[in-house]
Amino acid sequence: MTILSKTFTVLGSILLAHACYSAREHTTLQSPRATAAAGSVSLPVDIIIETIVSTVIIITGLVLGTKPLRPLEWRVWAGKIEREGAEGFTDNSGKVDRDFMGNPFSVLESRPNFVDIRKQRREFAEWLRQKDKVLQGQ
Amino acid sequence: MASERELQISPIVQESLVHNTRNDNQTLNNLHSLTASLLGVAAGILGLESLAGFAFYISFSLLAAALFYVLRVAPSSLPAGKSLGDTSRYFRRGGGFEFWTGGLLGGLAGYPPRSGEGAAPPPHRRAD
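Protein chains in written order, with our numbering: chain Y, 11 to 148; chain A, 1118 to 1245.
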């Protein structure tokens, strides 16, 4: 995406610079009498078209270069995190945003108050007993 | 009152709001200022002044907003069930006006046509 955006912007800038140069040349070379007769300066149509087209191309490039938006509503945003994880919050080059902090409710997943310490002690004792058994077997 | 209740029913994420609108994150505001100075250059080349210049500026900043909508907002907000032209998935509810016309006010300071690059000849040349 970022390459596409840069290509558009550079292409548009070249066209715009060319249009600018052409307009400059045109006004310099236009004879003063013709200018006076027309009343005002008129650019050739091709320069006008080139300017407008290049402007549109650059704007497209700039729009493509903007960072992807994030959903505003909490439920939509949290749902996106849950479904896509960090992949849903990347910039154009595919890097995860620095301020991505993951699931907003992850603190609820590891509450020390709810740890069953007796069960953990039992599991540890079991593991210790098995290790002893293995060692004795050797 | 209604909007406060609505916010309580479906709260919004402040970080996302900041990310989508503020300047430092290269999204909407930044796009508007870049577009405005670009339009200044283009208007200078075309030699547009006063009313024509403003018409050019207004139409092209609306075009930029439309492009932003088509390329950035619509692909994900239409499948989410929002109606066409509804930006409330990413921008504040009731901020539709702000979205479409934000570039007009925000970028105006950067707009004045770069007449030095333009097609309009200097006055003494015109007097010949």
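Where is the CB? At the ideal position from N, CA and C, for every residue including glycine. Treat the numbers as computed from the prediction; the structure is a model and nothing was measured.
Boundaries of the alpha helix (DSSP H) around D56(Y): 55–75.
Contact between F1185(A) and V63(Y) does not hold, since the beta-carbon distance rounds to 19 Å and is not under 8 Å. In the DSSP assignment, I24(Y) forms no beta bridge with any residue.
The three-state secondary structure of E1215(A), taken from DSSP, is helix. Neighbours of Y1207(A) across chain Y, judged by C-beta separation under 9 Å: L79, R80, P81, L82. Any Cβ of chain A closer than 8 Å to the Cβ of A135(Y) would place that residue at the interface, and such an atom is absent.
Sixteen is the threshold: when 16 or more other Cβ atoms of the shown chains lie within 10 Å of the Cβ of P81(Y), as they do, the residue is buried.
Counting the other Cβ atoms within 10 Å of the Cβ of Y1207(A) gives 16 or more, which makes it buried. For A96(Y), no chain A residue has a Cβ inside 7 Å of its Cβ, as the nearest lies near 15 Å away. The C-beta of A1197(A) has fewer than 16 other C-beta atoms within 10 Å across all chains shown, which makes the residue exposed.
Distance from the Cα of V66(Y) is smallest, within the candidate group S23(Y), D107(Y), N123(Y), for S23(Y). In the DSSP assignment, N1147(A) falls within the alpha helix (DSSP H) that extends over 1145–1163. According to DSSP, residue pairing for T100(Y) in a beta bridge involves V106(Y). Nearest to A1159(A) by alpha-carbon distance, out of V117(Y), E97(Y), R34(Y), is R34(Y). Contacts with chain A at 8 Å (Cβ-Cβ) do not include R128(Y). Contact check for H28(Y) against E60(Y) passes: the beta carbons are separated by less than 8 Å.
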